[in-house]
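Numbering (my numbering), first residue to last: 768 to 1204.
Note that beta-carbon positions come from the ideal geometry of N, C-alpha and C, so glycine has one too.
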Amino acid sequence: MTRDFIKNLVEWKNSSRRKPLILTGVRQCGKTYLLKQFGSEYFEDYCYVNFESAGKYSAIFDYDFDVNRIIREIELIENVRIIPGKTLLIFDEIQECPKAITALKYFCENLQELHLVCAGSLLGVALKQENVSFPVGKVNRMQLYPMSFKEYLMAVGEEKYIELFVDWPVAREIPDIYKIPLERHFKKYLIIGGMPEVVKEFANSGNYTEVAKIQDEILADYADDFSKHAPVSEIEKIRMVWDSIPKQLAKENNKFIFSHVKEGKRAHELEGALQWLKNAGLVHLIEMIQNPEVPLSANADATYFKVYMADSGLLCRKLGVSFKNILEDNLAISTFKGAITENYVLQELVTQNKNPYFWRSGNSAELDFLYEDEENIVPIEVKSATNTQAKSFKQFCKKYHNSKGFKLSLKNIAANDFDGTKVVSLPLYLIWNINSY
């Protein structure tokens, strides 16, 4: 399956400031597959080392950090030649070998011509541990996310819509011949999400029952990670916080409240568990902004935040929402669908390397997302259907006079001016192309 992210890897390969690359991302988002594809297509060969499946590799790093010796021993074990400039060396699940993480410094300093990329599903967790010496300044870093809606369209053979809407004019209404199938695909994506194995199954079979089975397996694997990799004192707390996230997202005021995880529990008791989930890439924390000035990060309130899941399909599965209810727009699940749609938008923004926040003004107004675009702040209002009436959005635009903003819904594309703000009504299925508008 085609991933847009491979362009980032090609840029890294050709960069004059290339260093060993650390690729992080939630478990099963496709890191290993992508790196092997990258090695096959852009190098003469690749050598794959998995520290989780074969403990023998860790012993290589126990003696010293002589990178030439390390390479020779890997060559002997794997019976391959590792040729700098021609071979991609992949260290997978590198968090299982802390000394290999430390060794990256010496690869950077003493074997810069070698293309070395490292991946780890729980690397964010491992790097918080005191026994890991991180090679600060000696590595490049990237993060891979689940497949975007654009990548889903490519996986199911609908690339034509990407080509068609790359430069679709905002003044031209989208006709039903395109609008209806794209809305249908968008609803399917809410159910399926972007985990590559799930997308591949749906592309091959179109079977929602099989999709649900794979999603259940992924969720079970995540739960197993809690037991295997989290501190014993945190395991039960992590499970409670993890199970609480879908329920809290589905509430009208979806601010994350620690006391809602379990009655009697306080923030200081559960903060570590939530941070573990964030470090593992399983959730995104979006902080509140009351004073929307650049840089937004300087005005964020870290004590007031929302928590989203890394994948809308897994959120849908954890909520227990039937695929029929999503496809048929069952009004009985409108609150749940709103939460799932908001999670989808968050995923798309994060995948595009935007750093979203949300805005709140006392108890009178709340805006779903804000992000910085160069020196501008871009407000976003999200609706799951065609109703785009949004008092908070209008209030924000009237008060802060931003140059542009977006209303994301299933309403047709359009643009108008509101109090000096260019407001684009953008269909949810076109957010992948938001930069064009």
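Kindly indicate which three-state DSSP category residue i falls into: helix, strand or coil?
{"i": "residue 1025", "result": "helix"}
{"i": "residue 909", "result": "strand"}
{"i": "residue 1181", "result": "strand"}
{"i": "residue 1152", "result": "coil"}
{"i": "residue 996", "result": "helix"}
{"i": "residue 1117", "result": "helix"}
{"i": "residue 1088", "result": "coil"}
{"i": "residue 991", "result": "helix"}
{"i": "residue 1143", "result": "strand"}
{"i": "residue 1054", "result": "strand"}
{"i": "residue 782", "result": "coil"}
{"i": "residue 1009", "result": "helix"}
{"i": "residue 1125", "result": "strand"}
{"i": "residue 940", "result": "coil"}
{"i": "residue 932", "result": "helix"}
{"i": "residue 1205", "result": "Absent from the model: residue 1205. The displayed extent of the chain is 768 to 1204, so no value can be given."}
{"i": "residue 1076", "result": "strand"}
{"i": "residue 1067", "result": "strand"}
Could you work out which residue in the options is closest to residue i when comparing CA atoms only?
{"i": "residue 1161", "options": "811, 1179 and 1190", "result": "1190"}
{"i": "residue 1194", "options": "799, 1149 and 908", "result": "1149"}
{"i": "residue 791", "options": "1144, 780, 1096 and 776", "result": "776"}
{"i": "residue 980", "options": "1085, 941 and 891", "result": "1085"}
{"i": "residue 1119", "options": "1138, 1109 and 1102", "result": "1138"}
{"i": "residue 866", "options": "982, 797 and 837", "result": "837"}
{"i": "residue 840", "options": "852, 831, 827 and 1038", "result": "827"}
{"i": "residue 1043", "options": "995, 818, 1055 and 1063", "result": "995"}
{"i": "residue 1012", "options": "1046, 1064 and 1110", "result": "1110"}
{"i": "residue 1038", "options": "850, 883 and 1006", "result": "1006"}
{"i": "residue 965", "options": "1106, 1065 and 918", "result": "918"}
{"i": "residue 1117", "options": "1055, 1144, 910 and 1000", "result": "910"}
{"i": "residue 794", "options": "1180, 1079, 1033 and 889", "result": "889"}
{"i": "residue 901", "options": "858, 872 and 1065", "result": "872"}
{"i": "residue 1107", "options": "923, 1133 and 1080", "result": "1080"}
{"i": "residue 1158", "options": "1128, 1145 and 1187", "result": "1128"}
{"i": "residue 941", "options": "1186, 968 and 1182", "result": "1182"}
{"i": "residue 1186", "options": "1192, 1199 and 1171", "result": "1171"}
If I'm right that residue i touches residue j with Cβ under 8 Å, what's the distance once you round it to whole angstroms?
{"i": "residue 913", "j": "residue 1077", "result": "6 Å"}
{"i": "residue 1206", "j": "residue 1093", "result": "An answer regarding residue 1206 cannot be provided, because it is not within the stretch 768 to 1204 covered by the chain."}
{"i": "residue 1074", "j": "residue 1050", "result": "5 Å"}
{"i": "residue 876", "j": "residue 819", "result": "Incorrect: roughly 27 Å between the Cβ atoms, too far for contact."}
{"i": "residue 1053", "j": "residue 1125", "result": "6 Å"}
{"i": "residue 892", "j": "residue 868", "result": "Actually they are not in contact, since the Cβ atoms of residue 892 and residue 868 sit about 13 Å apart, beyond 8 Å."}
{"i": "residue 773", "j": "residue 814", "result": "Incorrect: roughly 19 Å between the Cβ atoms, too far for contact."}
Hey, how far is the Cα of residue i from the Cα of residue j?
{"i": "residue 789", "j": "residue 809", "result": "18 Å"}
{"i": "residue 1089", "j": "residue 1002", "result": "29 Å"}
{"i": "residue 915", "j": "residue 958", "result": "13 Å"}
{"i": "residue 1070", "j": "residue 785", "result": "37 Å"}
{"i": "residue 992", "j": "residue 1203", "result": "40 Å"}
{"i": "residue 1184", "j": "residue 811", "result": "54 Å"}
{"i": "residue 878", "j": "residue 844", "result": "20 Å"}
{"i": "residue 768", "j": "residue 802", "result": "13 Å"}
{"i": "residue 1147", "j": "residue 1201", "result": "11 Å"}
{"i": "residue 1178", "j": "residue 1197", "result": "11 Å"}
{"i": "residue 1169", "j": "residue 1131", "result": "20 Å"}
{"i": "residue 884", "j": "residue 833", "result": "18 Å"}
{"i": "residue 1082", "j": "residue 1114", "result": "12 Å"}
{"i": "residue 1122", "j": "residue 1175", "result": "17 Å"}
{"i": "residue 974", "j": "residue 853", "result": "41 Å"}
{"i": "residue 1057", "j": "residue 1023", "result": "17 Å"}
Is there at least one Cβ from chain D nearer than 9 Å to residue i's Cβ?
{"i": "residue 1119", "result": "In the structure shown, chain D does not exist; there is a single protein chain."}
Handout entry: Start-end ranges of the beta strand (DSSP E) lying completely within the segment 848 to 918, minimum 3 residues
Key = 854 to 859, 882 to 887 and 907 to 910
Exercise for the section: Return the chain-ordered ranges of every alpha helix (DSSP H) run that is complete within the segment 787 to 852 and spans a minimum of 4 residues. Expected result: 798 to 809, 823 to 827 and 834 to 845
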